[in-house]
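As structure tokens, the structure follows; a few thoughts come after it.
Residue numbers (the numbering used here): 5 to 247.
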């Protein structure tokens, strides 16, 4: 392993992940997205912008009878993802395509997947910090792909009735809905994530259905810390693999 690498425990069924602090490391958003996603037996899943493969790994740790493919354009992240597949022995259920999401038609047949998940860049390209590494800028900012591009790729991949799951920033919810609706993906369920019960949301989890009928369900907020500053029971159940 390189000097900047470490192995973290994913807190579920013995799964572990190699991370590199010079690259983008996963956070609570990836864990919450994996648990927010509605996965069924036999689902074919694609993770757009998989990074080191954390979301597919979490899904493989939670469900046995699935096939999940990550798409990642950054070579260093792709190499970590390959090593994480090998580390956890999930090569029969998890695979990687090293390539551009905008070229999705090269890698998949239209409508061949039941589920698309993504934890995309949250910030617009013009706001990127020059003192960040290139890898972190690409992970955090819409330099290589934006919401429209994500929605177009998801719409191509999903069968009719297929499910789309994304975590993003609440201030961009209007853009999210617009991008999805323009590609025939109907927003059906959202859940805000906030640090405390009285705090403003810092993230929003969104589910869309390709070809779905209008009708949006707003779930109760996911609260990370209670009034004493301790992780909530729901947080512990999800983050530490108890639920």
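Virtual Cβ for every residue (Gly too), placed ideally from N, Cα, C.
Chain-order list of residues whose beta-carbon lies under 7 Å from that of residue i (same chain, five-residue window excluded)
i, result
"residue 13", "20"
Straight-line Cα distance separating residue j from residue i
i, j, result
"residue 124", "residue 97", "23 Å"
"residue 219", "residue 87", "41 Å"
"residue 9", "residue 82", "15 Å"
"residue 229", "residue 238", "10 Å"
"residue 48", "residue 34", "19 Å"
"residue 234", "residue 244", "14 Å"
"residue 189", "residue 15", "33 Å"
"residue 231", "residue 59", "30 Å"
"residue 236", "residue 206", "16 Å"
"residue 247", "residue 197", "Unreliable placement is indicated for residue 247, whose pLDDT of 44 sits below 50; the coordinate value is still reported in the next sentence. Going from the Cα of residue 247 to the Cα of residue 197 covers about 18 Å."
"residue 74", "residue 108", "12 Å"
"residue 173", "residue 204", "11 Å"
Cβ neighbours of residue i in the same chain (closer than 6 Å, five flanking residues each side left out)
i, result
"residue 17", "65"
"residue 46", "69"
"residue 62", "38"
"residue 50", "73, 117, 120 and 161"
Per DSSP, the bridge partner or partners of residue i
i, result
"residue 74", "51 and 100"
"residue 23", "10"
"residue 195", "209"
"residue 222", "194"
"residue 39", "DSSP, once it has assigned bridges, lists no residue as partnering residue 39."
Test item: CB-CB of residue i and residue j under 8 Å
i, j, result
"residue 254", "residue 209", "There is no way to answer for residue 254, as the model of the chain reaches only from 5 to 247."
"residue 201", "residue 222", "no"
"residue 155", "residue 183", "yes"
"residue 168", "residue 120", "yes"
"residue 242", "residue 52", "no"
"residue 91", "residue 22", "yes"
Top-ranked residue by Cα proximity to residue i, from the options
i, options, result
"residue 56", "239, 166, 119 and 80", "80"
"residue 44", "71, 36 and 104", "71"
"residue 11", "48, 40, 85 and 52", "85"
"residue 212", "158, 99, 127 and 54", "158"
"residue 118", "42, 36, 76 and 240", "42"
"residue 54", "24, 67 and 122", "122"
Cβ shell of residue i (< 8 Å), same chain only, five flanking positions each side left out
i, result
"residue 164", "115, 214 and 215"
"residue 111", "75, 101 and 103"
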